[in-house]
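Undergrad: So for the sequence shown, my numbering puts the first residue at 19; every next one is plus one.
No residue lacks a Cβ here, since even glycine has one placed at the ideal position from N, Cα and C.
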Amino acid sequence: MKAAREEYNIHGPNFVWSIDSYCKLRFCGIEIYAGIDAYSRFVPWIYIGISNGYAISMQYLDLVDEMEVIPLHIRSDRGCETPIITNAHYILYKATCQTRGINPYQFSDLY
(Lines of atoms letter the chains of each structure in order from A and count residues from 1; the text may use other names and numbers.)
(Lines give C-alpha, C1' and ligand atoms only; values in the text may rest on other atoms or scores of the structure.)
Protein backbone atom coordinates (compact mmCIF):
# COMPACT_ATOMS: atom_id res chain seq x y z
CA MET A 1 0.00 0.00 0.00
CA LYS A 2 1.44 3.34 -1.04
CA ALA A 3 1.38 6.25 1.35
CA ALA A 4 -0.48 9.25 0.02
CA ARG A 5 1.75 12.18 -0.84
CA GLU A 6 0.97 15.38 0.94
CA GLU A 7 0.74 18.59 -1.02
CA TYR A 8 2.56 21.59 0.30
CA ASN A 9 2.94 25.06 -1.06
CA ILE A 10 6.35 26.45 -1.79
CA HIS A 11 6.32 30.23 -1.84
CA GLY A 12 9.50 30.71 -3.84
CA PRO A 13 13.16 29.82 -4.20
CA ASN A 14 15.06 29.02 -1.01
CA PHE A 15 11.83 28.70 0.98
CA VAL A 16 12.36 24.94 1.52
CA TRP A 17 15.47 22.88 0.94
CA SER A 18 14.97 19.10 1.04
CA ILE A 19 18.03 17.14 2.14
CA ASP A 20 18.67 13.42 2.38
CA SER A 21 21.32 10.74 2.29
CA TYR A 22 21.46 7.62 0.14
CA CYS A 23 23.00 4.86 2.21
CA LYS A 24 22.41 1.81 0.02
CA LEU A 25 26.02 1.90 -1.16
CA ARG A 26 27.41 2.12 2.36
CA PHE A 27 28.50 -1.53 2.22
CA CYS A 28 30.87 -0.50 -0.62
CA GLY A 29 32.21 2.38 1.45
CA ILE A 30 30.35 5.06 -0.52
CA GLU A 31 27.87 7.52 0.96
CA ILE A 32 25.85 10.08 -0.97
CA TYR A 33 24.23 13.18 0.45
CA ALA A 34 22.33 15.87 -1.47
CA GLY A 35 20.15 18.92 -1.07
CA ILE A 36 17.50 20.25 -3.47
CA ASP A 37 15.54 23.49 -3.57
CA ALA A 38 11.90 22.36 -3.44
CA TYR A 39 10.68 25.26 -5.58
CA SER A 40 13.11 25.29 -8.50
CA ARG A 41 14.37 21.67 -8.21
CA PHE A 42 17.89 23.12 -8.29
CA VAL A 43 20.45 20.88 -6.58
CA PRO A 44 22.73 23.24 -4.65
CA TRP A 45 24.97 20.47 -3.43
CA ILE A 46 25.70 16.80 -3.72
CA TYR A 47 28.38 14.97 -1.75
CA ILE A 48 29.82 11.58 -2.67
CA GLY A 49 32.47 10.19 -0.37
CA ILE A 50 33.41 7.70 2.31
CA SER A 51 31.69 9.41 5.24
CA ASN A 52 28.90 11.97 5.37
CA GLY A 53 28.17 12.30 9.08
CA TYR A 54 30.73 14.83 10.22
CA ALA A 55 30.98 16.80 6.98
CA ILE A 56 27.27 17.61 6.59
CA SER A 57 27.17 20.71 8.77
CA MET A 58 30.31 22.06 7.08
CA GLN A 59 28.81 21.44 3.64
CA TYR A 60 25.61 23.23 4.66
CA LEU A 61 27.45 26.22 6.13
CA ASP A 62 29.81 26.45 3.14
CA LEU A 63 26.82 26.38 0.78
CA VAL A 64 24.97 29.10 2.70
CA ASP A 65 28.13 31.21 2.68
CA GLU A 66 28.73 30.66 -1.04
CA MET A 67 25.10 31.31 -2.10
CA GLU A 68 24.63 34.09 0.49
CA VAL A 69 21.14 32.82 1.30
CA ILE A 70 19.59 30.86 4.17
CA PRO A 71 16.55 28.70 3.44
CA LEU A 72 13.56 29.42 5.63
CA HIS A 73 12.83 25.71 6.16
CA ILE A 74 14.77 22.48 5.81
CA ARG A 75 12.90 19.26 5.07
CA SER A 76 14.58 16.00 6.01
CA ASP A 77 13.95 12.54 7.34
CA ARG A 78 14.96 11.55 10.85
CA GLY A 79 18.39 10.28 9.89
CA CYS A 80 21.45 10.47 12.11
CA GLU A 81 22.69 13.59 10.31
CA THR A 82 19.46 15.56 10.83
CA PRO A 83 20.34 16.92 14.31
CA ILE A 84 23.66 18.20 12.96
CA ILE A 85 21.98 20.17 10.16
CA THR A 86 19.17 21.30 12.49
CA ASN A 87 21.64 22.70 14.99
CA ALA A 88 23.67 24.52 12.31
CA HIS A 89 20.50 25.94 10.72
CA TYR A 90 19.07 27.04 14.07
CA ILE A 91 22.22 28.87 15.18
CA LEU A 92 22.62 30.55 11.81
CA TYR A 93 18.94 31.50 11.55
CA LYS A 94 18.83 32.82 15.11
CA ALA A 95 21.94 34.95 14.55
CA THR A 96 20.59 36.46 11.33
CA CYS A 97 17.11 37.08 12.78
CA GLN A 98 18.51 38.98 15.73
CA THR A 99 20.45 41.29 13.42
CA ARG A 100 17.31 41.92 11.34
CA GLY A 101 14.94 42.29 14.32
CA ILE A 102 12.83 39.22 13.46
CA ASN A 103 11.41 36.95 16.16
CA PRO A 104 13.46 33.74 15.69
CA TYR A 105 12.22 30.16 15.88
CA GLN A 106 12.64 28.18 19.05
CA PHE A 107 14.86 25.10 18.68
CA SER A 108 11.85 22.82 19.31
CA ASP A 109 10.08 24.40 16.30
CA LEU A 110 12.73 23.01 13.98
CA TYR A 111 12.27 19.38 14.93
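Go to residue 68, then tell me how far its beta strand (DSSP E) extends in each direction, as first and last residue.
TA: One-based indexing of the sequence shown puts residue 68 at position 50. Unbroken run through residue 68: none, as it is neither H nor E.
Undergrad: Can you tell me which of the three DSSP states residue 91 falls into?
TA: On the sequence shown, position 73 is the one that residue 91 refers to. DSSP places residue 91 in strand when its eight states are reduced to three.
Undergrad: If you draw a straight line from the C-alpha of residue 75 to the C-alpha of residue 98, how long is it?
TA: If you number the sequence shown from 1, residue 75 lands on position 57. If you number the sequence shown from 1, residue 98 lands on position 80. Each residue's Cα considered, the two are about 12 Å apart.
Undergrad: Less than 9 Å between the beta carbons of residue 54 and residue 36, yes or no?
TA: In the sequence shown, residue 54 corresponds to position 36, counting from 1. In the sequence shown, residue 36 corresponds to position 18, counting from 1. In contact: residue 54 and residue 36 (Cβ atoms closer than 9 Å).
Undergrad: Under 8 Å from any heavy atom of the ligand HEM, does the C-beta of residue 58 make it?
TA: As for the ligand HEM, it is missing from this structure, which has no ligand bound.
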